[in-house]
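Worksheet: the structure to be examined is printed underneath.
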Amino acid sequence: MPAHVAANFEGLVVRVDEGDAVGGAGHLWKLVRTFDDPATWTEPGVRHLAANGIGGEAYRTEPIEDQWELYDLTADPIEADNRWTDPNLHELRQHLRMQLKQQRATSVPERNNPWPYVPRQPPVPPGGLVRRLPTAQQLISPVATTVLKYTAKAQVAVFKLTDGRVGSNWRIGAGFRKPVPTLLLEHRGRKSGRSFTTPLVYLEDGDAFVLVASHGGLPKNPQWYHNLVANPDTHIHVKGQRRLRVTARVASPEERAALWPRLIDLYADFARSQSWSVREFPVIILSPR
């Protein structure tokens, strides 16, 4: 699956039977591979936009080496100890990598390559029930989650420091060729009461600002969405304007239907992630108050 940091992930959770591999028999193991596929670069097969900040745009043209994670879920259910480099688990690593290769070939029969998962349609078994492919939440690596978290924090800091002169456009994915305007949304935790600031792409609709709770297509709505539902009166920052007072509400089905074509024209990745997500992305309208 693709991540916004242009990393791709594939994973396997399997119980190792007696005799399959030395050192892992009877335990439940999780193997995760993080890899760099040039086909998913911002300029596929040519170069990838690795950074875009105060220093300008920085590209790379060589793939990053694969990163591996191996966890013994029976002994280490919180995945605190990455066993990938354990010298005693060489046969186990080989065994799990072979199983991962076999599962990959089954999931993507067109070519024995982990890309693309997203465009493939889930098969329909007898009876018409759809067997869904693994969700993004099931496959995503903790490493990518951490990277995205700190990338967002850096964008918020730079946006505020420059009053939006830097950081007010999203240039990842579909935004590389067609940059998308970005605002900073303030929201208060509905349980913790803490204040948060999240960078989000937006569509202008008259004097209102329209957001999409896409959350990268993950099965659950993002926390900022739930926080806005609980506390709709808030503030936003847009380029050249700080802390605009707004009130949030969820668009009605009719409003969403009218806004959706404009939203996917603004940022085509909304359509791609909506096509395989298990939920319908809420559309939120921020009106001045």
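The numbering used here puts the sequence shown at residues -2 to 286.
Glycine is no exception: its CB is placed at the ideal position from the N, C-alpha and C atoms.
Residues near Pro106 in its chain [Cβ-Cβ closer than 7 angstroms; skip 5 each side]: Locating residue 106 in the sequence shown gives position 109, where the first residue counts as 1. Note that Pro106 has pLDDT 49, beneath the 50 cutoff, so the model's placement of it is unreliable and the number below is only indicative. Cβ within range, chain order: n/a, list empty.
Beta-carbon gap between Val247 and Ile281 smaller than 7 angstroms: As a first step, residue 247 must be located in the sequence shown, where it is residue number 250. As a first step, residue 281 must be located in the sequence shown, where it is residue number 284. Going by C-beta atoms, Val247 is nearer than 7 angstroms to Ile281.
Inter-residue Cα distance where the pair is Ser288 and Thr58: Nothing about residue 288 can be read from this structure; the chain reaches only from -2 to 286.
When Gly164, Gly213, Asn5 are compared against Glu62, the one with the closest alpha-carbon: If you number the sequence shown from 1, residue 62 lands on position 65. Among Gly164, Gly213, Asn5, the Cα nearest to that of Glu62 belongs to Asn5.
Status (buried if at least 16 other CB within 10 Å, exposed otherwise) for Val10: One-based indexing of the sequence shown puts residue 10 at position 13. Burial call: exposed.
Val198 - DSSP class collapsed to helix/strand/coil: On the sequence shown, position 201 is the one that residue 198 refers to. Here Val198 sits in strand by DSSP.
Cut-off 7 angstroms between Cβ atoms - residues of its own chain near Ser274, not counting five sequence neighbours on either side: Sequence index remark: in the sequence shown, residue 274 carries index 277 (1-based). Closer than 7 angstroms at the Cβ level, and outside the excluded window around Ser274, lie Gly214.
Proximal residues to Leu180 (C-beta, below 7 angstroms), its chain only, five neighbours per side dropped: If you number the sequence shown from 1, residue 180 lands on position 183. Around Leu180: Leu197, Tyr199, Phe206, Ile233, His234, Val235.
C-alpha gap between Ile261 and Pro178, whole angstroms: Here residue 261 refers to the residue found at position 264 when the sequence shown is read from its first residue. Here residue 178 refers to the residue found at position 181 when the sequence shown is read from its first residue. Taken atom to atom, the span from the alpha-carbon of Ile261 to that of Pro178 is near 13 angstroms.
Bridge partners - Tyr68, DSSP secondary structure assignment: Sequence index remark: in the sequence shown, residue 68 carries index 71 (1-based). Bridge partners of Tyr68: Lys27.
Local Cβ density within 10 Å of Ser165, reported as buried at 16 or more and exposed below that: As a first step, residue 165 is located in the sequence shown; it is residue number 168 there, counting from the start. Ser165 should be labelled buried.
Pairwise C-alpha distance: Arg30 and Arg90: In the sequence shown, residue 90 corresponds to position 93, counting from 1. In the sequence shown, residue 30 corresponds to position 33, counting from 1. Taking the straight line joining both Cα atoms gives about 12 angstroms.
CB contact flag (Thr39, Leu46, <7 angstroms): Position 42 of the sequence shown, counted from the first residue, corresponds to residue 39. Position 49 of the sequence shown, counted from the first residue, corresponds to residue 46. Going by C-beta atoms, Thr39 is nearer than 7 angstroms to Leu46.
Cα-Cα separation, Leu25 to Gln100: Numbered from 1 along the sequence shown, position 28 holds the residue referred to as residue 25. Numbered from 1 along the sequence shown, position 103 holds the residue referred to as residue 100. Straight across, the Cα-Cα distance linking Leu25 with Gln100 is about 17 angstroms.
Beta-carbon proximity check, Asn228 vs Arg269, cutoff 7 angstroms: Residue mapping note: residue 228 aligns to position 231 of the sequence shown, counting from 1. Residue mapping note: residue 269 aligns to position 272 of the sequence shown, counting from 1. Their beta carbons are not under 7 angstroms apart, which means Asn228 does not touch Arg269 by this criterion.
Whether Phe278 touches Ser211 by CB criterion (7 angstroms): Against the sequence shown, residue 278 aligns to sequence position 281. Against the sequence shown, residue 211 aligns to sequence position 214. Result yes, Cβ atoms of Phe278 and Ser211 sit closer than 7 angstroms.
Burial state of Gly125, where buried means 16 or more other Cβ atoms lie within 10 Å: As a first step, residue 125 is located in the sequence shown; it is residue number 128 there, counting from the start. Confidence at Gly125 is low in this model, with a pLDDT of 45, below 50, so its placement is unreliable and the value that follows should be read with caution. It is exposed - the Cβ of Gly125 has fewer than 16 other Cβ atoms within 10 Å.
Environment of Glu251 [buried if 16+ CB atoms lie within 10 Å]: For the purposes of this step, residue 251 is taken as the residue at position 254 of the sequence shown. It counts as exposed.
Nearest-angstrom Cβ-Cβ length linking Ala149 and Thr195, presumed shorter than 8 angstroms: Position 152 of the sequence shown holds residue 149. Position 198 of the sequence shown holds residue 195. Between Ala149 and Thr195 the beta-carbon gap is near 7 angstroms, inside 8 angstroms, which marks them as a contact.
CB-CB length for Glu7 against Leu97, believed under 8 angstroms: As a position in the sequence shown, residue 7 is number 10, starting the count at 1. As a position in the sequence shown, residue 97 is number 100, starting the count at 1. Between Glu7 and Leu97, the beta carbon gap of about 7 angstroms places them in contact (Cβ cut-off 8 angstroms).
Cβ-based burial, Arg239 [other Cβ within 10 Å; buried from 16]: As a first step, residue 239 is located in the sequence shown; it is residue number 242 there, counting from the start. Exposed, since its Cβ has fewer than 16 Cβ neighbours within 10 Å.
C-beta atoms of Ala171 and Ala265 nearer than 7 angstroms: As a working note, residue 171 is residue 174 in the sequence shown. As a working note, residue 265 is residue 268 in the sequence shown. In contact: Ala171 and Ala265 (Cβ atoms closer than 7 angstroms).
Start and end residues, alpha helix (DSSP H) containing Phe267: On the sequence shown, residue 267 is found 270 positions in, with the first residue counted as 1. Boundaries of the alpha helix (DSSP H) harbouring Phe267: 266 to 273, taken from the DSSP string.
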